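Colleague:
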Amino acid sequence: MMKNQYNQPRKLLAVLAHPDDESFICGGTLAKYAAAGVDITLVSATRGEMGRRMGNPPYLNRETIAAAREIELRQACDSLGIRELMFFDIRDKTVEFHDEELLTARIAALIDEIDPDVMLTFHETLGGHPDHCAIGKAATAAFLQKERRGALYFITFGEAMERPERYGYSREDIMKIDVFAHLKAKLAAFRAHRCQSEIDEWVWLPDQDALTHFGRHEYFIKGAPNAKVADRHDLFPYEEKVAEDSAV
Ligand SMILES: [Zn+2]
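Just so we're aligned, residue 304 is where the sequence shown starts under my numbering, counting upward by one.
1. Quick check on D420: buried or exposed, where buried means 16 or more other Cβ atoms within 10 Å of its Cβ?
2. Give the C-beta separation of G358 and C498 to the nearest angstrom, bearing in mind that I take them to be a contact with Cβ-Cβ under 8 Å.
3. Give every residue of the same chain whose Cβ lies closer than 8 Å to the Cβ of T428, excluding the five residues on either side of it in the sequence, and list them in chain order.
4. Round the Cβ separation of L383 and A492 to the nearest angstrom and send it over; I've been treating them as touching at under 8 Å.
5. Any idea which residues DSSP pairs Y522 with across the strands?
6. Pick out the complete alpha helix (DSSP H) segments inside the segment 348-408, 4 residues or longer, and give them in chain order.
7. Could you give the distance in angstroms between the alpha-carbon of L447 and the alpha-carbon of Q511?
8. Counting pairs of beta carbons, one from the segment 365-378 and one from the segment 468-482, are three or more of them closer than 8 Å?
9. Measure the C-alpha to C-alpha separation of D323 and E450 and round it to an integer number of angstroms.
10. I want to check one thing, is the minimum distance from the CB of A320 to the heavy atoms of ligand 1 below 8 Å?
11. With a threshold of 8 Å on Cβ separation, who are the neighbours of Q311 within its own chain once the five nearest residues in sequence on each side are excluded?
12. Using 8 Å as the cut-off, classify the Cβ of D503 as near or not near the heavy atoms of ligand 1, replying yes or no.
13. Can you tell which of A370, R356 and T424 has its C-alpha closest to the C-alpha of T344?
14. Quick check on Y470: does DSSP put it in helix, strand or coil?
15. Taking 8 Å as the cut-off, is the C-beta of D420 nearer than that to any heavy atom in ligand 1?
16. Nearest to I524 by CA position, among H496, L514, E475 and A513, is which residue?
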């Protein structure tokens, strides 16, 4: 189990926008660290109730989709090993219109309470969806407004960050996490988000075929310039010396 210098489990806080962001974008990494004993808290700003996909064939409507997506997200969390799930209950597709100061303060309070070793959120311009960018902007502001310990990273899509220079970054800014051993958990999480993934035929192929659709790595942009990153293949940068400390 990964422990910090106080011999407590390490903690990861992911502040995302919709049910499925955690699985579809960085599910392998979350499964990897959960399997290593990291205590993971996931915040979904919305319940994804405005999602265009309603099942295939559709079996949900605007009244039933929020509850269905919550159940699906809880199943995905079980698949990935995420222990704590919270909703901010902001209306889907309206995060950018939410009071930014209030949202930032809410996230800052959560960071103070959890005191994570690693925080994940969206990049405020490369997030891809207005809700993603808005929650990422607020979460980044919350993280940077105080001198916090720990490291902040932005989640990214697919293999885009194999060529970071296209986005104004260099290779040194990018974390590359090998999730190969955790792709089965990621696939299970995709399937848990049934109303979203049902229409993607590959998800429902036999495991060995479906798994070929995943890349071996997930990529993250370093979000805090002062993050003490020793190894670009591990989001948890601090090697602790628990045995030495406890021997004193
Ligand atoms: Zn999303």
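Ideal Cβ placement from N, Cα and C applies to all residues, glycine included.
Only a predicted model underlies this, so the values are computations on that prediction, with no experimental measurement involved.
Modeller: By the coordinates alone:
1. In the sequence shown, counting from the first residue as 1, residue 420 sits at position 117. Answer is buried; the Cβ neighbour count reaches 16.
2. Here residue 358 refers to the residue found at position 55 when the sequence shown is read from its first residue. Here residue 498 refers to the residue found at position 195 when the sequence shown is read from its first residue. Right, the Cβ-Cβ distance comes to about 4 Å (below 8 Å), so this counts as a contact.
3. For the purposes of this step, residue 428 is taken as residue 125 along the sequence shown, with counting starting at 1. Only C436 meet the Cβ criterion.
4. Numbered from its first residue, the sequence shown carries residue 383 at position 80. Numbered from its first residue, the sequence shown carries residue 492 at position 189. The pair is a contact, with the Cβ atoms about 5 Å apart (cut-off 8 Å).
5. Position 219 of the sequence shown, counting from 1, holds the residue named residue 522. Y522 pairs with K479.
6. Taking 4 residues as the minimum length, the alpha helix (DSSP H) runs contained wholly in the segment 348-408 are 368-383, in order along the chain.
7. As a first step, residue 447 must be located in the sequence shown, where it is residue number 144. As a first step, residue 511 must be located in the sequence shown, where it is residue number 208. Each residue's Cα considered, the two are about 42 Å apart.
8. no
9. By one-based count along the sequence shown, residue 323 stands at place 20. By one-based count along the sequence shown, residue 450 stands at place 147. Their backbone Cα atoms lie some 31 Å apart in a straight line.
10. In the sequence shown, the residue the question calls residue 320 occupies position 17. Checking every heavy atom of ligand 1 against the Cβ of A320, one is found closer than 8 Å.
11. In the sequence shown, the residue the question calls residue 311 occupies position 8. Excluding positions up to five away in sequence, the list is empty.
12. Counted from its first residue, the sequence shown places residue 503 at position 200. Checking the Cβ of D503 against ligand 1 gives no.
13. Your numbering for residue 344 matches position 41 in the sequence shown. The shortest Cα separation from T344 among A370, R356 and T424 belongs to T424.
14. Residue numbering aside, residue 470 sits at position 167 when the sequence shown is read from its first letter. Residue state, collapsed to three classes: helix.
15. Within the sequence shown, residue 420 is the residue found at index 117, counting from 1. Outside the cutoff, so no.
16. Within the sequence shown, numbered from 1, the residue matching residue 524 stands at position 221. If we check each option's Cα against that of I524, E475 comes out closest.
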